[in-house]
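Student: Numbering (numbering that gives the first Met the number 0), first residue to last: 0 to 268. My structure is below; once you've seen it, I'll send some questions.
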Amino acid sequence: MNQQIIENLPNYDYHCAKEYLEYISSSGLKTVLYNPFLFKWRRDLQIFKPPSKQQKLGSALHTLALEPENFERDVHVVPPNLNKRKKKDKEFYDEWEAELLAKNKETIILEEDQQEIVEQVREKLEKNTEVLELLSDGVAESSIFFEVGSAKYKVRPDYMRKDLIVDLKTTGKPLYDFGRSCVNYGYDLSAWFYCYGADIYNYKFLVIETIEPFSFGIFTPDKQFMATGKARTLKAMKIYEECAKTNNWPEPKLNQSLSLPRWYQKQAA
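Okay, structure coming up:
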C-alpha cells in the first residue's frame with residue numbers, strides 16, 4: 000500500500016482541492032455502500048453540502064481542542080443584534096462573511112448563542128488533565144493519502160500519535176446515546192478505515208456534549224465494533240472497485256421491504 004502523509008494541509012484543500020478529489024474518504028465509502036450512483040453523482044458534480052449550524056459548532060470545538068493556536072484566527076461570532084431576515088442586515092452579513100472567507104478559507108462562523116457553549120467547553124477542557132494528556136505528544140489533522148490496487152483513498156485523523164488515533168466527536172445528545180450515533184453515522188467504518196489508512200490499530204473516540212453539563216467521554220471500540228467496521232469497509236471498497244472497473248454505478252432497488260430496528264421492536268415486547 001502506497002501511503003503519503005501531509006501535515007498542515009488546510010482542511011479546505013483536503014476536501015475540495017482538485018488534486019485530492021479523486022481520493023475517496025470514509026464518507027464516500029459509506030455512500031458507496033448503500034448507493035454507488037449517489038456517490039458518483041456527487042463526485043462528478045462536485046457537490047459539497049454547506050455545514051449546518053451544529054456542524055459549525057463541532058468544527059469550532061475541534062479547533063479549540065486540537066489546534067487552540069488557530070482558534071482566534073479561524074473562529075468568529077456573528078455580530079450582535081444582527082437580524083439576517085432584514086435586507087440591510089443580510090447584506091451586511093454577506094459582505095462580512097465574504098471578506099472573512101476571502102482572507103481565510105478555514106473560517107468558522109458561529110451564532111451568538113453558540114459562543115457560550117464554546118466558553119463552557121473551554122473551561123472544562125482546561126481542567127480535564129486526562130483529556131489534555133490524551134491530546135498530547137501527537138499531531139492534529141494530518142492528511143493521509145494511500146492507494147490500494149488502482150483505487151485511491153484518504154483519511155484525516157483528528158489527532159494521531161505514534162500508537163493511537165483519537166477521533167473527536169461532538170454530540171447534542173447525552174453521552175449514553177453515543178452508541179446509537181455510531182450506528183446512525185457509521186462510525187465503525189470510519190474507525191477501521193482510519194486505522195487502515197494510518198496503519199495504527201489503536202483507536203479512541205473523544206466525545207464532547209454540546210448540551211449541559213458539557214460532559215466529556217473517552218470510548219474505546221471493542222473487537223466486535225472494529226470487526227464490523229473492517230467488514231463494511233472492505234465490502235465498500237470492493238463495490239467501488241467493481242463500479243469503477245465496469246463504469247456501472249447502480250442505484251438502490253426500486254422495491255424494497257421495510258422492517259423496524261430490533262431495538263425499536265423490543266419496546267413492544
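Ideal Cβ positions, reconstructed from N, Cα and C, are used throughout, including at glycine. Since this is a predicted model, take the numbers as computed values, not measurements.
1) Could you have a look at I143 and say whether DSSP puts it in helix, strand or coil?
2) Do V165 and P156 have their beta-carbon atoms positioned less than 9 Å apart in this structure?
3) If V74 sits next to L131, beta carbons under 8 Å apart, how far is it from one beta carbon to the other, in whole angstroms?
4) Applying the 10 Å Cβ sphere with the 16-neighbour rule, what's the burial state of C286?
5) Does the CB of T245 have a neighbour CB from chain D at under 9 Å?
6) Identify, in the order they occur along the chain, each residue of the same chain with its Cβ nearer than 7 Å to the Cβ of A197, setting aside the five sequence neighbours on each side.
7) Closer than 7 Å by C-beta to N82: which residues in its own chain qualify, once you throw out the five before and the five after it? Chain order, please.
8) By DSSP, does Q264 sit in helix, in strand, or in coil?
9) Just to confirm before moving on: does the CB-CB distance between T170 and E122 stay below 9 Å?
10) Can you tell me whether P78 is buried or exposed? The criterion is at least 16 other CB atoms within 10 Å of its CB, across all chains shown.
11) For a test of the three-state rule: what should DSSP assign to T259, helix, strand or coil?
12) In whole angstroms, what is the alpha-carbon distance linking G137 and K161?
13) If you draw a straight line from the C-alpha of P49 to the C-alpha of S25, how long is it?
14) Look at the alpha carbon of G216 and the alpha carbon of Y19, and state the distance between them as a whole number of angstroms.
15) From the DSSP output, which residues share a beta bridge with T170?
16) Beta carbon of N1, beta carbon of E146: below 9 Å?
17) Going by other Cβ atoms of all chains shown within 10 Å of its Cβ, with 16 needed for buried, is V182 buried or exposed?
Tutor: The structure says:
1) strand
2) yes
3) Not confirmed; about 20 Å, so no contact.
4) Residue 286 is absent from the model: the chain starts at 0 and stops at 268.
5) Included in the structure is just one protein chain, with no chain D present.
6) I143, V154, P156, M159 and I164
7) Closer than 7 Å at the Cβ level, and outside the excluded window around N82, lie D88.
8) Of the three classes helix, strand and coil, the one that applies to Q264 here is helix, per DSSP.
9) no
10) exposed
11) A small fix is needed here, since residue 259 is Leu in this sequence, not Thr. Coil at L259, not helix or strand.
12) 7 Å
13) Between the alpha carbons of P49 and S25 lies a gap of roughly 18 Å.
14) 33 Å
15) E208
16) For N1 and E146, yes; Cβs fall inside 9 Å.
17) Looking at its Cβ environment, which holds fewer than 16 other Cβ atoms inside 10 Å, V182 is exposed.
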